[in-house]
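Notes to accompany the following structure.
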Amino acid sequence: MRSKIETSKYIHEYDYKKQKTIKPAIEVLAEQLMEDNAKKDFFTFVDYIKQQKMTLPWFVTNSYNIIYKGCKIAQIYIYDGKDIQNCWRIKINTASKDTFDILLNGLSDEVTGLFSENFNKKCTACNNCAPGETFDFAGKHYENVCNGSNGVRIFLYRNPNSDQIEEIKKLINIRKDFCIKMKSMGINPGT
227 MRSKIETSKY IHEYDYKKQK TIKPAIEVLA EQLMEDNAKK DFFTFVDYIK
277 QQKMTLPWFV TNSYNIIYKG CKIAQIYIYD GKDIQNCWRI KINTASKDTF
327 DILLNGLSDE VTGLFSENFN KKCTACNNCA PGETFDFAGK HYENVCNGSN
377 GVRIFLYRNP NSDQIEEIKK LINIRKDFCI KMKSMGINPG T
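Written out as C-alpha cells, the structure is:
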C-alpha cells in the first residue's frame, strides 16, 4: 500500500485527460483512494453490481456510471482524498416526472416511504436542477426538492453505511426493473 504522501502525489496526477485516456477500472481507483474499512464495503457493493449483470464504465474523473442494458441506473463518485478521506457517493436515478407514476405503481409502502424521506432533501445545487422541484406526492406538498439532472428524481448517498447500502440495492433494482418495463412498452426510461 502506498504511503499517504505517495498516494497524494499519484492522485494529483490522475486528472481528467489521463483518466480519459486510460479509463481506469473502478477497482483500481478505489484501491488507490480508499482506506481498508471503506474499501471492503465498497468492493462488496461493486461485486453486487456486477452479479446483477450491470457494468461500471468510466464516466468522468473519479466517476463511473452503473449501466444495465443501455440504461443508466446510477453514478458512483470516488473523492480524491484532497478534502474528504474514504469518501464515495452514489446518485441513483429513478424516473422523470412524466414517468414517475409508472415507477411507483405497485411498489410497497416501505419503498414509497424511502421516496418520501428522500423528498425532504432540499436542493443544494449539486447538479443543474437548482433550485429544485416543487410537487405533491402521497398527499404531501414538497418544495425545492433535489431532482438531479434532466428532471430525473434521484437518491444521493454519501459514504453509505451497511443499512443504506441495502436501501441502495433496493433502489437500484427498482430502477433496473423500471428500465426493463419501460423498454418493453417502447418508452425511453430516461437517463
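If you're matching positions, the sequence shown starts at 227 in the working numbering and goes up one per residue. Backbone N, C-alpha and C fix where the C-beta goes; we use that ideal spot for every residue, glycine too. Everything numeric in this text was worked out from a predicted model, so none of it was measured.
Per-residue DSSP class, three states only, for residue i
i: residue 262; result: helix
i: residue 368; result: strand
i: residue 281; result: strand
i: residue 350; result: coil
i: residue 419; result: Any property of residue 419 remains undetermined from this structure, which presents the chain solely from 227 to 417.
i: residue 334; result: coil
i: residue 256; result: helix
i: residue 298; result: strand
i: residue 288; result: coil
i: residue 305; result: coil
For residue i, the first and last residue of its enclosing beta strand (DSSP E)
i: residue 361; result: 359-363
Beta-carbon separation (whole angstroms), residue i vs residue j, contact threshold 8 Å
i: residue 415; j: residue 297; result: 5 Å
i: residue 272; j: residue 282; result: 7 Å
i: residue 326; j: residue 401; result: Contact doesn't hold; Cβ gap of about 12 Å is too wide.
i: residue 331; j: residue 381; result: The Cβ separation is near 18 Å, so there is no contact.
i: residue 299; j: residue 280; result: 6 Å
i: residue 256; j: residue 292; result: Incorrect: roughly 14 Å between the Cβ atoms, too far for contact.
Residue span of the alpha helix (DSSP H) that contains residue i, given as start and end
i: residue 246; result: 242-248
(request) Note down, one range per segment and in chain order, each beta strand (DSSP E) of at least 3 residues found wholly within the stretch 374-416. (result) 378-384
(request) Determine, using beta-carbon pairs with one atom in the stretch 313-329 and one in the stretch 392-407, whether at least three such pairs fall under 8 Å. (result) yes
(request) Would you check if there are 3 or more beta carbon pairs closer than 8 Å linking the stretch 287-296 to the stretch 239-248? (result) With the cut-off at 8 Å, the stretch 287-296 and the stretch 239-248 touch.
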